[in-house]
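Here our numbering is used: the first residue of the sequence shown is 158, the next is one more, and so on. C-beta: ideal position from N, C-alpha, C; glycine also. Working notes for the structure below.
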Amino acid sequence: VVRHQDMKTLESIANRIVDDLEAYKGNQDILINGPYEAPIKKVRDMYRLAIMIRGTDLTNLKEYIYNSWIFTQEGLLIDVDPV
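Have a look at this one:
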């Protein structure tokens, strides 16, 4: 789940994240769905969009995400495996 206080900014960043992940995964057996509205759309004045990532081995993809531009976005919060 990706969170930001501004919905337009959130949509733009979430789409960039998905495009970036699709380009990175190449022909690896990884499925990326989203972004789509999270089941709880807004929490504590933060809008939420979900991106579902599935695969048998996500080790390299996780490392890529943690070291990418995604975590440098000011005001952006990412929940991994939110419940």
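The beta strand (DSSP E) with residue i in it runs from where to where?
i    : result
N116 : A question about residue 116 goes unanswered here, because the residues of the chain that appear run from 158 up to 240.
L206 : M203 to G212
V159 : V159 to H161
Got a sec, what are the start and stop residues for the alpha helix (DSSP H) residue i sits in?
i    : result
I222 : T216 to Y223
Within its chain, find whatever has a CB closer than 7 Å to the CB of residue i; leave out the 5 residues flanking it on each side and keep chain order.
i    : result
T213 : D186
A195 : V158, R205, L206 and A207
V175 : I189, G191, P192 and I208
Taking its Cβ as the centre, do 16 or more other Cβ atoms sit within 10 Å of residue i, making it buried, or is it exposed?
i    : result
L178 : buried
Please return the same chain residues whose Cβ sits closer than 6 Å to the Cβ of residue i, not counting the five positions on each side in sequence.
i    : result
Y193 : A207
Starting from the C-beta of residue i, find all residues in its chain whose C-beta is less than 8 Å away, skip the five residues before and the five after it, and write them out in chain order.
i    : result
V200 : R160
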